[in-house]
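This report concerns only the one structure given below.
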Amino acid sequence: MSKIPFTGKSPQARQQQQVVSSDPLQPAEAYNPEHPLLEDPDALAIRLAESEDFLRRNKNVLLGLAAVVILAVAGAFGYYLWRSSQDEKGQAAMFRAVSYWEADSLQKAMKGDGRNLGLERVASEYSGTAAGNLANFYAGVGALKEGKYQQAVDYLEDFSSDDLLVQARAYALLGDAHLELNQPKEAADFYSKAANHNANEYFSPGYLLKEAMARELTKDYTGAVTAYDKILTDYPTAAEASEAKQYKARDEAMAGN
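Numbering (the UniProt record's numbering), first residue to last: 1 to 257.
Next up, the structure:
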């Protein structure tokens with residue numbers, strides 16, 4: 001019987017590859033190569049050739065994808081720089097408008113003075129920046145003072161704040177604007193949001209009282225009783241508690257309770 005030559009691909013060689021460990025402290029029979037390609041040069045060469053062929057055939061697609069990624073990163077960075085510069089300009093424009101606001105010159109604060117922008121234009125021209133956001137709040141309050149209630153709603157709905165008390169105040173102002181627009185249901189809902197947004201003993205009782213009165217206008221006496229009851233339960237020492245107790249009894253009777 002002829003002998004099989006001992007080569008790298010012979011059974012004996014493969015057996016030796018399976019039992020020889022690179023770690024002298026590791027039992028030989030427990031050795032199991034984790035990277036078989038590194039143990040077989042021919043298989044590694046085939047895999048590399050396939051990879052090169054794939055890159056050759058898809059070169060244009062891969063270059064296009066790389067270009068898209070680079071453009072996306074550059075665009076995001078450019079937008080960040082542009083937005084930062086816009087916010088700085090908006091803050092500078094806000095400074096003069098707020099100065100007029102604090103001087104009780106509402107018209108100039110809202111419309112500008114011919115050289116400096118007013119709150120309305122800061123809100124529109126610097127939309128998406130911190131300055132534009134703050135301008136929406138000021139402009140919403142200014143529109144309320146001018147009796148332009150729908151404008152007030154539009155501005156205040158575009159405002160948002162991480163300051164919980166300021167955001168609650170914005171909700172309450174939206175309630176005021178909707179109430180003036182003869183929309184008591186919407187007003188009551190915003191007063192409720194204001195009362196429950198960072199609920200506290202200083203402002204929440206007043207917002208709840210407004211909510212109850214707005215619900216009375218819709219003849220939702222049960223909802224009004226719930227708002228009054230929350231004042232009495234959660235804020236019994238609040239100034240609004242005495243009114244809540246009186247009106248709660250009346251609304252319970254109206255609701256048939």
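Glycine included, C-beta positions come from ideal geometry on N, C-alpha and C.
Based on Cα-Cα distance, which residue from the options lies nearest to residue i?
i      : options                           : result
LEU165 : TYR202, ASN133 and GLN91          : TYR202
THR237 : GLU180, ASN200, ALA255 and ASP113 : ASN200
LEU208 : GLY128, ILE231 and THR218         : ILE231
LYS148 : LEU179, PHE159, VAL122 and ASP163 : LEU179
ALA255 : ASP234, ASP229, GLU240 and LYS219 : LYS219
THR222 : SER192, ALA253 and ASP234         : ALA253
GLU102 : ASP87, GLY90 and LEU119           : LEU119
PRO184 : PHE95, HIS197, GLU216 and SER160  : GLU216
PHE159 : LEU181, SER127, GLU146 and ARG115 : SER127
ASP87  : PHE190, GLU125 and ASN182         : GLU125
SER161 : GLN150, ASN136, GLU146 and ASP251 : ASN136
Just verifying my parser: in three-state terms, what is the DSSP assignment at residue i?
i      : result
GLY128 : coil
LEU181 : coil
GLY112 : strand
SER22  : Note that SER22 has pLDDT 41, beneath the 50 cutoff, so the model's placement of it is unreliable and no number is given.
Within 8 angstroms (strictly less), CB to CB, does residue i reach chain B?
i      : result
SER192 : Of the protein chains in this structure there is only one, and it is not chain B.
Given a cut-off of 8 angstroms on the beta-carbon distance, is the pair residue i and residue j in contact?
i           : j      : result
LEU117      : ALA152 : no
ALA212      : ALA194 : no
ALA244      : ALA214 : no
ALA123      : TYR100 : no
GLU240      : GLY206 : yes
TYR228      : LYS248 : yes
residue 258 : TYR235 : The structure shown does not extend to residue 258, since the chain is modelled only from 1 through 257, so no value can be given for it.
Every unbroken alpha helix (DSSP H) inside the region 152-226 [4 residues or more]:
164-180, 184-196 and 204-217
Check whether the region 106-115 touches the region 130-150, counting contact only when three or more Cβ pairs, one atom from each stretch, lie closer than 8 angstroms.
Yes: the two stretches touch, three or more of their Cβ pairs being nearer than 8 angstroms.
How do the region 124-132 and the region 174-193 stand: do at least 3 beta-carbon pairs fall below 8 angstroms, yes or no?
no
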